[in-house]
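K.L.:
Okay, here's the structure, questions in a sec.
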Amino acid sequence: MNKTRHARTVTVGVLKKRRIVSIAEFSIHPIGTGTSVSRYVKRALRAISKIEGLEYQVTPMATILEAQDVHTILKAVEDSHSALRSMGAKRISSILRIDERLDKPRTMRDKTKSVED
């Protein structure tokens, strides 16, 4: 699943405007549920697909999240954990790495394109 939306423009200082984009790598793992976790990942993806202002891209090892701010990223993590708890997971481990770049707007698409050219 890949959604595309633009980051918002926010006022910084008096007249200077910048788009702030937060990008994160997120993986979630229920522990003690067996070796296949795809049904849990699907449920987590269903939960985050409802979050306004969040783009995401599923990769084989993690999901890349992109939002206007860190709060939206953290909401995705919280909603993912809630989704797995609702499935009966007794223990959940997750890994989150966030890149909040404030000097210039960079989307996950921009970052990928910069190394492909």
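Sequential numbering from 159 applies to the sequence shown in the working numbering.
All C-beta atoms, glycine included, are put in the ideal place defined by N, C-alpha and C.
(1) Find the nearest neighbour of glycine 246 within the set Phe184, Glu183, Val179, Thr191, judged by alpha-carbon distance.
(2) Compute the Euclidean distance between the alpha carbons of glutamine 226 and tyrosine 198, then round it to the nearest angstrom.
(3) In the DSSP assignment, the alpha helix (DSSP H) including leucine 260 goes from what residue to what residue?
(4) With which residues is glutamine 226 paired in a DSSP beta bridge?
(5) Tell me the residue span of the beta strand (DSSP E) that contains serine 207.
(6) Identify, in the order they occur along the chain, each residue of the same chain with its Cβ nearer than 6 Å to the Cβ of isoleucine 181, setting aside the five sequence neighbours on each side.
(7) To the nearest angstrom, how far is it from the Cα of aspartate 268 to the Cα of aspartate 275?
(8) Quick check on this structure: which residue in Gly211, Lys200, Leu242, Gln215 has the alpha carbon closest to the alpha carbon of isoleucine 189?
P.N.:
Short version:
(1) The count along the sequence shown starts at 1 and reaches residue 246 at position 88. Of Phe184, Glu183, Val179, Thr191, the residue nearest in Cα terms is Thr191.
(2) For the purposes of this step, residue 226 is taken as the residue at position 68 of the sequence shown. For the purposes of this step, residue 198 is taken as the residue at position 40 of the sequence shown. Approximately 26 Å, taken between the alpha carbons.
(3) Stepping through the sequence shown from its first residue, residue 260 is reached at position 102. First-last for leucine 260: undefined, no H or E at that position.
(4) Taking the first residue of the sequence shown as position 1, residue 226 is located at position 68. According to DSSP, which records beta bridges pairwise, glutamine 226 is partnered with nothing at all.
(5) Translated into positions along the sequence shown, residue 207 becomes position 49. Neither: serine 207 is in no beta strand (DSSP E) and is coded neither H nor E.
(6) What you label residue 181 is simply residue 23 of the sequence shown in a count that begins at 1. Around isoleucine 181: Glu224, Asp257, Met266.
(7) Working through the sequence shown from its first residue, we reach residue 268 at position 110. Working through the sequence shown from its first residue, we reach residue 275 at position 117. Rounded to whole angstroms, the gap between the alpha carbons of aspartate 268 and aspartate 275 is 11 Å.
(8) Counted from its first residue, the sequence shown places residue 189 at position 31. With distances taken between Cα atoms, isoleucine 189 lies closest to Leu242.
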